[in-house]
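In the numbering used here, the protein residues as written are 2 to 202.
Where a beta carbon is used, it is the ideal one built from N, C-alpha and C, also for glycine.
Every value quoted in this text rests on a predicted model; they were computed, and no experiment measured them.
Contents: one structure, followed by commentary.
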Amino acid sequence: MNIVGFIFETIRGFLWVAFVFAVGLVVARMIVDGLRLNPFGWFPYVIRRWSEPLLMPLRRNPLAFASRYDLAPVLFIILAIVVLAFGLHFVDDLHRVAIGFGMAARFFAQGDLGFGARYFIGHTLFLALSVAMICVIFGVVFSWIGLYRGRLVRFIWWGFERITAPLRRVVPPIGMFDLTPLVAYFALLILSWLVQVAFFG
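Spelled out as structure tokens, the structure:
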């Protein structure tokens, strides 16, 4: 395994560790609440203290707020699975782009400008579409948890609005559900496939 592969494997491992830790913490919170353990005991106290920052934003979600049950842990687990799945997919895309840029540099060094330009342009477009898809997915996630602060969060919101705003003029909502993120994601997925066929097929 080369250094690039090692770096991306480390990132994947970090995502898995963060997922297992966060979901394990929330599951422990569900058990503590379900068994109604003494909140002043050291274990329930630690679990509540560490899990509350994860669950509090979701309790402001309309779906959780309107329910008589505490749906925040369930919503968190669902969102954690979504974030892990698309996060791993994005890391795989970044790994592929890094390899593609390396191959483009090799072609340029060998004097094959045609293949070098083809790999460079193709992987640049592929990277841009992958970032756009992440903006759409995480824009939906951030809207669910009410996250709006932070430089990276603002960038994702900026990308999300630039992608979905034009679609809102042509894609009507169904009741309270806005379908533009779903339409945008599938459109970007098709464009990504076309780029792969055109440049690497």
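Asked: Range covered by the alpha helix (DSSP H) that runs through P45; Found: 43-60
Asked: Straight-line gap, R170 to I164 (C-alpha atoms, nearest Å); Found: 12 Å
Asked: Contiguous alpha helix (DSSP H) assignments of at least 4 residues, all confined to the region 110-177; Found: 114-146, 152-169
Asked: Alpha-carbon spacing of P174 relative to L80, whole angstroms; Found: 22 Å
Asked: Neighbourhood of R1 by C-beta, 7 Å cutoff - its chain only, sequence neighbours within 5 removed; Found: Limits of the chain in this structure are 2 at one end and 202 at the other, which puts residue 1 out of reach.
Asked: Environment of M134 [buried if 16+ CB atoms lie within 10 Å]; Found: buried
Asked: Beta-carbon proximity list for A106, same chain, < 7 Å, skipping 5 on both sides; Found: none
Asked: Secondary structure of L195, DSSP reduced to three states; Found: helix
Asked: Same chain only: Cβ atoms within 6 Å of L189, ignoring 5 sequence neighbours per side; Found: L130, A133, M134
Asked: Local Cβ density within 10 Å of L195, reported as buried at 16 or more and exposed below that; Found: exposed
Asked: DSSP-derived helix/strand/coil call for D179; Found: coil
Asked: Test item: CB-CB of L95 and F9 under 8 Å; Found: yes
Asked: Rounded C-alpha distance that separates I138 from F108; Found: 34 Å
Asked: N-terminal and C-terminal residue of the alpha helix (DSSP H) that D34 is part of; Found: 4-36
Asked: Simplified DSSP state of L72, which is helix, strand or coil; Found: coil
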